[in-house]
Amino acid sequence: MSDQRDPSNISQRQLDILRRLAAREAARRQELGEKSQSSSPQPGGRGRSGSETGEDGVEQITTASNAKDASMIDVDRLQEILQQEKAKNDFAWAKVRERTHRLTEQQSQDGRENEGALETDKNEGKEERMRKKRIELEYLDYEIEQAQKDLTILEPPHSDAILALLTRATLASAVEQYQASIASLERELDEEKSRRKEDDEMLHDIGEVRIGLEKRKAVLKERLNSVDFASIEGSLIDITGKILIDEEGVQQAQLRLLIDGLINKAWDTPVDPYVDISDGFLPAISAFLLRANIAIEHPRDSNRIRLIDFHRSALG
Numbered sequence: 001m002s003d004q005r006d007p008s009n010i011s012q013r014q015l016d017i018l019r020r021l022a023a024r025e026a027a028r029r030q031e032l033g034e035k036s037q038s039s040s041p042q043p044g045g046r047g048r049s050g051s052e053t054g055e056d057g058v059e060q061i062t063t064a065s066n067a068k069d070a071s072m073i074d075v076d077r078l079q080e081i082l083q084q085e086k087a088k089n090d091f092a093w094a095k096v097r098e099r100t101h102r103l104t105e106q107q108s109q110d111g112r113e114n115e116g117a118l119e120t121d122k123n124e125g126k127e128e129r130m131r132k133k134r135i136e137l138e139y140l141d142y143e144i145e146q147a148q149k150d151l152t153i154l155e156p157p158h159s160d161a162i163l164a165l166l167t168r169a170t171l172a173s174a175v176e177q178y179q180a181s182i183a184s185l186e187r188e189l190d191e192e193k194s195r196r197k198e199d200d201e202m203l204h205d206i207g208e209v210r211i212g213l214e215k216r217k218a219v220l221k222e223r224l225n226s227v228d229f230a231s232i233e234g235s236l237i238d239i240t241g242k243i244l245i246d247e248e249g250v251q252q253a254q255l256r257l258l259i260d261g262l263i264n265k266a267w268d269t270p271v272d273p274y275v276d277i278s279d280g281f282l283p284a285i286s287a288f289l290l291r292a293n294i295a296i297e298h299p300r301d302s303n304r305i306r307l308i309d310f311h312r313s314a315l316g
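Numbering (full-length UniProt numbering), first residue to last: 1 to 316.
Written as structure tokens, this is what we have:
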């Protein structure tokens, strides 16, 4: 606040305005003087001699010089008045601040004295002292309130014209910043629109691929369901029953158990459809299934076999 009320804190723009006003006033006065001279009648009605013409030239030069001096004097006078007004304003502000500071110190000092009096003498005149202190505090509050009102009455540090110019400059800066932000946002919006268009095209392509995969899945499921594993198993048992003939039927029983195990593994755990043939199965049974292209061995463990992909062979 103190920097804004410094009498020497006058911007170059304010000085230029004062100079222009002073020069305009000097020109106006000179014009009024010339009009008054031209309108006044010549004494005796006679023509002007050469000496009179020379005197008029000297008078015009003197008038121009006086106008220039008057403009400079007006500028200096205006600056002097401005500095005097600022000095008065600063002096008033200093008095108000000093008065407020003094009242605040007095209030705090009275508060400390009140506390000391209460501690030293709690029984004598407590009610009276408290009443007096309350009155003093109310008076101090009133003085502070009046000082604050005086602060609000003081003239602002800037005139309305300067405040209007500052406001316009602030608004112009804000508009410029908003325009730059709008341009940047428009570029980002165009980029987002182009990316949105690419995403829409990709989504459309993915939708078409999805439709094709669903159709293919339906066809594969229909073909897979058309494979009758029960009939295949029965035909296999009939064929192997004619080939694997023993008196007790051990080979046929083991073949049936192994085929059932392979089918169950294929349906229950398609991720790991292998069956371990080292658990009591005859080597001839597994060899028969491998030769008949019904089962295949594990790539790294010959003791484990699984059924071939009948649905793939059927689709092929």
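The beta-carbon is built from N, C-alpha and C at its ideal position, and this holds for glycine as well.
- DSSP places Ile296 in the uninterrupted beta strand (DSSP E) bounded by 295-297.
- Annotation for Arg256: the continuous alpha helix (DSSP H) segment containing it runs 250-268.
- Looking at the DSSP output, Arg306 sits in a beta bridge with Ile296.
- With a 10 Å radius around the Cβ and a threshold of 16 neighbouring Cβ atoms, Leu258 comes out buried.
- With fewer than 16 other Cβ atoms inside 10 Å of its own Cβ, Ala172 counts as exposed.
- In summary, Tyr274 is buried, with 16 or more beta-carbon neighbours lying within 10 Å of its beta-carbon over all protein chains present.
- Here the alpha carbon of Asp190 sits roughly 34 Å from the alpha carbon of Thr167.
- Put simply, of Ser286, Arg291, Glu136 the residue whose alpha carbon is nearest the alpha carbon of Ala253 is Ser286.
- Per DSSP, the continuous alpha helix (DSSP H) segment holding Ser286 begins and ends at 283-291.
- A Cβ-Cβ distance of about 6 Å is found for the pair Ile277 and Asn303, placing them in contact under the 8 Å criterion.
- About 7 Å separates the beta carbons of Ile305 and Leu290, which is inside the 8 Å limit, making them a contact pair.
- By the C-beta density criterion, Ala26 is buried, having at least 16 other C-beta atoms within 10 angstroms.
- Straight-line measurement puts the Cα of Leu103 at about 8 Å from the Cα of Glu143.
- Straight through space, the alpha carbons of Ala147 and Arg99 are spaced by roughly 7 Å.
- Ser181 and Gln107 have their C-alpha atoms spaced approximately 53 Å apart.
- Lys193 counts as exposed, since fewer than 16 other C-beta atoms from the protein chains shown sit within 10 angstroms of its C-beta.
- Straight-line spacing of the CA atoms in Gln109 and Val96 works out to 20 Å.
- Pairing Leu220 with Ala266 gives a Cβ-Cβ distance that is not under 8 Å.
- Across the structure, Tyr139 and Glu145 are spaced so that their CA atoms are roughly 10 Å apart.
- Per DSSP, the beta-bridge partners of Val275 are Ile305.
- Here Gly212 carries a helix assignment [DSSP, helix/strand/coil].
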